[in-house]
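*Asks:* To get our numbering, take the position in the sequence shown, counting from 1, and add 6. Positions of the beta carbon are idealized from the N, C-alpha and C atoms, including for glycine.
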Amino acid sequence: MELKNDLILRAARGENIERYPVWLMRQAGRILPEYRAVRAKLSGFKELVETPEFAAEVTIQPVDLLGVDAAIIFSDILVVPEAMGLEYQMLEKSGPWFEKTIRNREGLIYADANIDVLDRLGYVLDAIKLTKKELNGRVPLIGFAGAPWTIFCYMVEGRGSKTFSESRKLLYTDPELAHELLGRITQVTISYLKAQIEAGADMVQVFDSWAGILGTEQYAEFGLKYMAMITDAITEVPITIFSKGAITSVPALARLNCNTVGLDWNMDVSEIRNIIGETRTLQGNLDPCALYSTHSEVEKRTIKMLDSFTSKRHIVNLGHGVYPDIDPEKVKTFIKTVKDYEMR
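(1) Pull up the distance between the alpha-carbon of histidine 326 and that of glycine 113, whole angstroms please.
(2) Ordered along the chain, which non-local residues of its own chain (more than five positions away) have a Cβ less than 6 Å from that of cysteine 295?
(3) According to DSSP, simplified to helix, strand and coil, what is alanine 3?
(4) Kindly list the residues whose CB is nearer than 8 Å to the CB of isoleucine 240, restricted to its own chain and excluding five residues on each side of it in sequence; keep chain order.
(5) Restricting to Cα atoms, I'd like to know which of Val344, Val243, Lys175, Ala260 is closest to isoleucine 219.
(6) For tryptophan 103, does the three-state DSSP call read helix, strand or coil?
(7) Would aspartate 260 and threonine 285 qualify as a contact pair, given that the criterion is a beta-carbon distance under 9 Å?
(8) From Val64, Gly128, Trp216, Leu124, pick the residue whose C-alpha is nearest to that of lysine 168; which is it?
(9) For the stretch 21-66, list the alpha helix (DSSP H) runs that are entirely contained and at least 4 residues long, ordered along the chain.
(10) Which parts of the stretch 302-327 are runs of the beta strand (DSSP E), unbroken and 3 residues or longer, counting only runs that do not cross its ends?
(11) Measuring only the C-alpha atoms, how far is arginine 350 from arginine 319?
(12) What distance in whole Å lies between the Cβ atoms of lysine 135 and glycine 35, which are believed to be in contact at a cut-off of 8 Å?
(13) From methionine 273 to glutamate 56, what does the alpha carbon distance come to, in whole angstroms?
(14) Of all the options Gly166, Val194, Ser171, Phe158, which has the alpha carbon lying nearest to the alpha carbon of leucine 183?
(15) I need the boundaries of the beta strand (DSSP E) containing valine 210, first residue and last residue.
(16) Out of curiosity, what's the CA-to-CA distance linking proline 181 and threonine 156?
(17) Looking only at DSSP bridge pairs, what is asparagine 291 linked to?
(18) Short of 6 Å in beta carbon distance, which residues of its chain neighbour isoleucine 78, apart from the five on each side in sequence? Order them along the chain.
(19) Buried or exposed: which applies to threonine 316, given that a residue is buried once 16 or more other Cβ atoms fall within 10 Å of its Cβ?
(20) When you compare the CB positions of proline 154 and isoleucine 115, do they come within less than 9 Å of one another, or not?
(21) So, helix, strand or coil for glycine 143, using DSSP?
(22) Report back the beta-carbon spacing between lysine 310 and leucine 72 to the nearest angstrom; my notes put them in contact at under 8 Å.
(23) Kindly provide the ranges of any alpha helix (DSSP H) runs that are 4 or more residues long and lie completely inside the stretch 211-280, ordered along the chain.
(24) Assess contact between the stretch 261-271 and the stretch 241-249, defined as three or more Cβ pairs (one per stretch) separated by less than 8 Å. Is contact present?
(25) Leaving out five residues before and five after glutamate 242 in sequence, what residues of the same chain have Cβ atoms less than 7 Å from its Cβ?
(26) What residue range does the alpha helix (DSSP H) around tyrosine 178 cover?
(27) Below 8 Å on the Cβ atoms is my guess for threonine 287 versus alanine 18; work out the distance and round it to an integer in Å.
(28) Could you give the C-beta distance for valine 28 and isoleucine 341, rounded to a whole number, given that I count them as a contact under 8 Å?
(29) Have a look at arginine 279 and glutamine 33 and give me their C-alpha separation to the nearest angstrom.
(30) Which word fits serine 173, buried or exposed, when buried means at least 16 other C-beta atoms lie within 10 angstroms of its C-beta?
(31) Go to tyrosine 160, then tell me how far its alpha helix (DSSP H) extends in each direction, as first and last residue.
(32) Look up alanine 351 in the DSSP assignment and give the residues it is bridged to.
(33) Using the C-alpha atoms, what's the distance from alanine 151 back to aspartate 82?
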């Protein structure tokens with residue numbers, strides 16, 4: 007099906023664009039009353055993720071209500087460890103929680119890489135197919151997965167953490183086990199992303215939410231090594247990598263076989279562009295908290311960010327996911343400002 011709006015794909019490929027495309031991480035979520043209305047019908051977050059009809063509905067809501075240039079499938083990065091055998095719960099106000107963890111070789115029974123992705127994660131693929139049908143070519147659909155290092159953190163830690171000390175400890179005490187687990191996660195992630203593309207995803211993003219907790223050398227060994235396997239394997243559609251906090255690893259990120267490098271709000275766009283040059287598209291990176299400002303201040307800060315761009319190779323986004331208590335009208339101001347902006 008021919009896309010009516012392919013701005014984000016052209017920007018990712020470095021092709022000519024008439025304006026910057028814009029979307030938001032976590033755009034399908036609690037900022038929208040319409041999302042909360044759908045969520046209220048269900049038992050919880052996981053039921054929403056695992057019900058294709060509802061997942062498709064909330065995926066499309068930001069396209070209709072906010073006017074973004076892309077939809078991103080409503081799902082969760084933790085569907086991968088669950089498919090491998092490590093079940094999780096999403097606890098209200100405290101986030102994900104795993105009853106079991108992997109901290110020794112015996113725990114690898116909960117990390118089966120030889121799985122049928124089409125069977126275990128078919129509900130995500132069905133949601134993609136249904137969303138593509140309902141979008142009817144209006145905008146592209148983004149698929150996604152968590153990066154191996156970030157998934158590793160949850161599988162070892164069992165929950166969110168400020169330090170992820172158990173995960174980092176394993177890198178020192180049993181690096182062989184760490185590499186084995188990371189390899190298994192990578193294998194499943196590649197199969198999963200390829201299945202998403204086959205189901206209809208027009209581009210994909212890999213989220214490395216906890217990249218910044220590792221030093222440069224450790225991230226090269228336990229993060230980038232496996233990210234490279236993914237970017238080398240995914241050649242069918244544009245791929246974006248988002249390694250939050252990995253400022254010292256930007257030159258290495260730019261050498262990966264990706265189309266787009268996502269920036270968090272602590273990264274200076276012009277400095278990163280000088281490092282990367284014109285070889286990659288950049289994505290980001292307004293501070294999500296800027297959207298708590300007044301409408302005029304949101305517009306001012308957005309224009310300041312746009313003025314810092316020295317290349318058309320840019321996809322506009324926040325530097326992280328939009329926070330759940332932000333006013334949707336402020337998000338609309340952000341999006342409208344981007345759309346009205348005249349590129350130099």
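*Replies:* According to the structure shown:
(1) Position 320 of the sequence shown, counted from the start, is the residue given in the question as residue 326. Position 107 of the sequence shown, counted from the start, is the residue given in the question as residue 113. For histidine 326 and glycine 113, the distance between alpha carbons rounds to 32 Å.
(2) Counted from its first residue, the sequence shown places residue 295 at position 289. Listed in chain order, the non-local C-beta contacts of cysteine 295 below 6 Å within the same chain number zero, local neighbours out to five positions each way being set aside.
(3) Limits of the chain in this structure are 7 at one end and 350 at the other, which puts residue 3 out of reach.
(4) By 1-based counting over the sequence shown, the position of residue 240 is 234. Same-chain partners within the cutoff: Ile196, Leu199, Lys200, Ile203, Val210.
(5) Taking the first residue of the sequence shown as 1, we reach residue 219 at position 213. Sorting Val344, Val243, Lys175, Ala260 by C-alpha distance to the C-alpha of isoleucine 219 places Lys175 at the top.
(6) Mapped onto the sequence shown, residue 103 falls at position 97. For tryptophan 103, the secondary structure class from DSSP, reduced to helix, strand or coil, is strand.
(7) Within the sequence shown, the letter at position 254 stands for residue 260. Within the sequence shown, the letter at position 279 stands for residue 285. Reading the sequence as shown, one finds alanine at residue 260 and not aspartate. Result yes, Cβ atoms of alanine 260 and threonine 285 sit closer than 9 Å.
(8) Walking along the sequence shown from the start, residue 168 turns up at place 162. Trp216 is the residue among Val64, Gly128, Trp216, Leu124 whose C-alpha sits nearest the C-alpha of lysine 168.
(9) Listed in chain order, they are 39-45, 51-55.
(10) Taking only runs of at least 3 residues, the beta strand (DSSP E) segments lying wholly in the stretch 302-327 are 320-324.
(11) Along the sequence shown, one-based indexing puts residue 350 at 344. Along the sequence shown, one-based indexing puts residue 319 at 313. Here the alpha carbons of arginine 319 and arginine 350 stand approximately 13 Å from one another.
(12) If you number the sequence shown from 1, residue 35 lands on position 29. If you number the sequence shown from 1, residue 135 lands on position 129. At roughly 22 Å, the Cβ-Cβ gap does not stay under 8 Å, so glycine 35 and lysine 135 are not in contact.
(13) As a working mapping, residue 273 is identified with position 267 in the sequence shown. As a working mapping, residue 56 is identified with position 50 in the sequence shown. Their backbone Cα atoms lie some 35 Å apart in a straight line.
(14) Counting from 1 along the sequence shown, the entry for residue 183 is found at position 177. Proximity to leucine 183 across Gly166, Val194, Ser171, Phe158 peaks at Phe158, based on C-alpha coordinates.
(15) The residue given as residue 210 occupies position 204 in the sequence shown. Per DSSP, valine 210 belongs to the beta strand (DSSP E) from 209-214.
(16) Within the sequence shown, residue 181 is the residue found at index 175, counting from 1. Within the sequence shown, residue 156 is the residue found at index 150, counting from 1. Roughly 16 Å between the two C-alpha positions.
(17) In the sequence shown, residue 291 corresponds to position 285, counting from 1. Note: asparagine 291 sits in a beta bridge opposite Asn323.
(18) The sequence position of residue 78 within the sequence shown is 72, counting from 1. Excluding positions up to five away in sequence, the list reads Ile148.
(19) Locating residue 316 in the sequence shown gives position 310, counting from the first residue. If you draw a 10 Å sphere on the C-beta of threonine 316, you find fewer than 16 other C-beta atoms in it, and that means exposed.
(20) Within the sequence shown, the letter at position 148 stands for residue 154. Within the sequence shown, the letter at position 109 stands for residue 115. Between proline 154 and isoleucine 115, the gap from beta carbon to beta carbon reaches 9 Å or more.
(21) What you label residue 143 is simply residue 137 of the sequence shown in a count that begins at 1. Here glycine 143 sits in coil by DSSP.
(22) For the purposes of this step, residue 310 is identified with residue 304 of the sequence shown, where counting begins at 1. For the purposes of this step, residue 72 is identified with residue 66 of the sequence shown, where counting begins at 1. 21 Å between Cβ atoms; not a contact.
(23) Within the stretch 211-280, the complete alpha helix (DSSP H) runs of at least 4 residues are 222-225, 231-239, 256-260.
(24) Touching, yes, given that three or more Cβ pairs across the two stretches are closer than 8 Å.
(25) As a position in the sequence shown, residue 242 is number 236, starting the count at 1. Ile203, listed in sequence order.
(26) Looking up residue 178 in the sequence shown gives position 172. Residues 171-179.
(27) Locating residue 287 in the sequence shown gives position 281, where the first residue counts as 1. Locating residue 18 in the sequence shown gives position 12, where the first residue counts as 1. Your pair threonine 287 and alanine 18 checks out as a contact, with CB atoms roughly 5 Å apart and the cut at 8 Å.
(28) As a working mapping, residue 28 is identified with position 22 in the sequence shown. As a working mapping, residue 341 is identified with position 335 in the sequence shown. Confirmed, about 5 Å.
(29) As a working note, residue 279 is residue 273 in the sequence shown. As a working note, residue 33 is residue 27 in the sequence shown. Cα to Cα, arginine 279 sits roughly 26 Å from glutamine 33.
(30) Locating residue 173 in the sequence shown gives position 167, where the first residue counts as 1. By the 10 Å Cβ count, serine 173 comes out buried.
(31) On the sequence shown, position 154 is the one that residue 160 refers to. Its alpha helix (DSSP H) spans residues 154-163.
(32) Limits of the chain in this structure are 7 at one end and 350 at the other, which puts residue 351 out of reach.
(33) Counting from one through the sequence shown, the residue named residue 82 turns up at place 76. Counting from one through the sequence shown, the residue named residue 151 turns up at place 145. Counting only the Cα atoms, alanine 151 lies some 8 Å from aspartate 82.
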